[in-house]
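In terms of this note's numbering, the sequence shown opens at residue 71 and continues consecutively.
C-beta: ideal position from N, C-alpha, C; glycine also.
The model shown is predicted, which means the values in this text are computed figures rather than measured ones.
Okay, structure first, notes after.
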Amino acid sequence: MATTCRFYEAEFPEIDDVVMVRIKSIKEMGAYVQLEEYGNIEGMIPVAELSRRRIRSVQSLIRVGRHEPVSVYRVDKSKGYIDLSKSRVSHDEAEACKVKFEKSKHVHLIITSLARKLDTTPEELYKQFGWPLYKQYGHAYDAFKAAIADPEAVFGAFDLDPKIKEELMAIISHDLRPQRSKLRADIEVTCTEYQGIEAIRKALTAGEAVSTEDTPIKIRLIAPPQYTMSTTSIDKAADLLLMEKAIEEVRKVIVEEGGSLKVVMGPKVVSENEEKELQDFMERAERENAEVAGDDDEDSADEY
C-alpha cells in the first residue's frame with residue numbers, strides 16, 4: 071500500500087501560500103526541498119530568497135533534514151517547478167504554518183493508519199471524507215476533535231461503512247483525546263486563635279468544596295503553615311479560575327475565623343518534574359518530622 075499522498079485536495083500550493091518544506095540538499099544556487107504536504111513534490115529556494123540580509127554561509131540559515139516554513143512565489147504546474155522564499159515569511163506566518171503543519175501531519179497519520187487497517191490507500195480515504203472535512207471545518211484535525219464528542223454530527227453525512235467508522239473513531243479517540251494537565255497552587259494558612267487548628271481545617275474543607283465532578287481539588291499539607299492545592303484538568307483556562315475561586319473561599323473562611331492566607335504560588339500548570347520535586351520535599355519533611363517526634367519520645371522516656 072502506497073502511503074505517500076498529499077495532505078490536501080489541491081495537487082500544488084497557490085502563489086503566496088506559506089508551506090512547510092524539508093530541506094533535501096543545499097547547492098550553490100540554493101536549497102532543494104520536498105513539500106511533504108503535497109506528496110513530497112520538489113521545490114527550490116534560491117540563495118537570494120533565503121534571507122533579506124547578506125549571508126556568509128547558507129548552512130547558517132538552513133540545514134539538510136530540517137523543516138522550514140516558506141512562501142510560494144512561482145508555480146509551473148506543467149513542469150512541476152515550485153520556487154519558494156524563506157525571506158518573505160513573517161514571524162506570524164511562520165508560526166501559523168507550523169501549527170497547521172502539525173495538525174495536518176496528525177490527520178495524515180490517522181488516515182494512513184486507517185488505510186493500513188482497511189487495506190486501502192490514504193488517497194481513497196481522503197477523497198471519501200478527509201478532504202471534504204477540510205472544506206467543512208477549515209481543517210480535518212478540528213473535525214476529528216469534534217468527532218470525539220459527537221461522531222454522528224461529523225461523519226453522519228458521509229454514509230461511511232460501519233467498519234470504517236468504527237476503526238476511524240477508535241484511532242481518533244486514542245490519538246486525539248485531550249490529555250489532562252496538572253494544576254497547582256501553594257498557599258500559607260495561619261490562625262493563632264484558640265481554635266486555630268479547627269479553623270484551618272474548616273477553611274481548607276471549604277476550598278475543596280469548590281471542586282466539580284470533572285475537576286476535584288485536593289489540598290495537602292506541605293509543611294506548616296504551607297499547603298498545596300492541586301487538580302488535573304482538560305480545560306486549563308476554566309480550571310485555573312476554579313482554583314482561584316477555591317483559594318478565595320479558603321481566604322474568606324480563615325479570615326472570618328481570625329486567621330490569614332498568603333498565596334505563595336498562584337494557580338498554574340505544572341510539569342512532572344515540578345510535581346516530583348514537591349513530592350520528594352513532602353516525603354523528606356515527613357521523615358524529618360518523624361525523627362523529631364522520635365527524639366521527643368526518647369527525651370520523655372529519659373525523664374522517668
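In this structure, does DSSP put D309 in helix, strand or coil? Here the question's residue 309 lines up with position 239 in the sequence shown. DSSP places D309 in helix when its eight states are reduced to three.
Is it the case that the Cβ atoms of I180 and V140 are separated by a distance below 8 Å? Along the sequence shown, read from residue 1 onward, the residue named residue 180 stands at position 110. Along the sequence shown, read from residue 1 onward, the residue named residue 140 stands at position 70. Taking 8 Å as the Cβ cut-off, I180 and V140 do not qualify as a contacting pair.
Under the rule that 16 or more other beta-carbon atoms within 10 Å means buried, what is Y264, buried or exposed? Along the sequence shown, read from residue 1 onward, the residue named residue 264 stands at position 194. Y264 comes out exposed.
Should the region 332-339 be called in touch with the region 231-243, which here means at least 3 C-beta pairs below 8 Å? The region 332-339 is not in contact with the region 231-243.
Output yes or no for whether 8 Å exceeds the beta carbon distance between V177 and F214. Counting from one through the sequence shown, the residue named residue 177 turns up at place 107. Counting from one through the sequence shown, the residue named residue 214 turns up at place 144. The answer is yes: Cβ separation under 8 Å.
Leaving out the 5 sequence neighbours to the left and right, which residues in its chain are closer than 6 Å to E163 when beta-carbon positions are compared? Position 93 of the sequence shown, counting from 1, holds the residue named residue 163. Excluding the 5 residues flanking it on each side, E163 has same chain C-beta neighbours closer than 6 Å at V88, in chain order.
So within the region 269-295, which uninterrupted alpha helix (DSSP H) runs reach at least 4 residues, ignoring any that extend past its ends? Runs of the alpha helix (DSSP H) lying entirely within the region 269-295, each at least 4 residues long, are absent.
Coil, strand or helix - I241 by DSSP: Looking up residue 241 in the sequence shown gives position 171. Here I241 sits in helix by DSSP.
Taking the DSSP output, what are the residues bridged to S155? By 1-based counting over the sequence shown, the position of residue 155 is 85. Under DSSP, the beta-bridge partners assigned to S155 are S141.
I need the DSSP call for Q265, collapsed to helix, strand or coil. Taking the sequence shown and counting its residues from 1, one reaches residue 265 at position 195. In the structure shown, Q265 adopts coil according to DSSP, grouped into three states.
Under a three-way DSSP split, which group does A227 fall into? For the purposes of this step, residue 227 is identified with residue 157 of the sequence shown, where counting begins at 1. A227: helix per DSSP, three-state reduction.
CB of I304 within 8 Å of CB of P232, strictly: On the sequence shown, residue 304 is found 234 positions in, with the first residue counted as 1. On the sequence shown, residue 232 is found 162 positions in, with the first residue counted as 1. Taking 8 Å as the Cβ cut-off, I304 and P232 do not qualify as a contacting pair.
What number of angstroms, rounded off, separates the C-alpha of L291 from the C-alpha of L105? Taking the sequence shown and counting its residues from 1, one reaches residue 291 at position 221. Taking the sequence shown and counting its residues from 1, one reaches residue 105 at position 35. In this structure, the CA atom of L291 is about 54 Å from the CA atom of L105.
What separation, rounded to the nearest whole angstrom, lies between the Cα atoms of I289 and P337? Position 219 of the sequence shown holds residue 289. Position 267 of the sequence shown holds residue 337. If you take the alpha carbons of I289 and P337, they lie about 13 Å apart.
Segments of 3+ residues assigned as beta strand (DSSP E) that fall wholly inside the region 160-198: Restricted to the region 160-198, not a single beta strand (DSSP E) segment is unbroken, complete and at least 3 residues in length.
Between the Cα of K235 and those of F199, L253, G266, spot the shortest distance and give me the residue it belongs to. The residue labelled residue 235 in the question sits at position 165 within the sequence shown. When only C-alpha atoms are compared, the closest one is F199.
Would the beta-carbon of E81 fall within 8 Å of that of Y108? The residue given as residue 81 occupies position 11 in the sequence shown. The residue given as residue 108 occupies position 38 in the sequence shown. Yes, Cβ-Cβ distance for E81 and Y108 is below 8 Å.
Check A213 in the structure and name its three-state DSSP category. Taking the sequence shown and counting its residues from 1, one reaches residue 213 at position 143. In this structure, A213 counts as helix in the three-state DSSP scheme.
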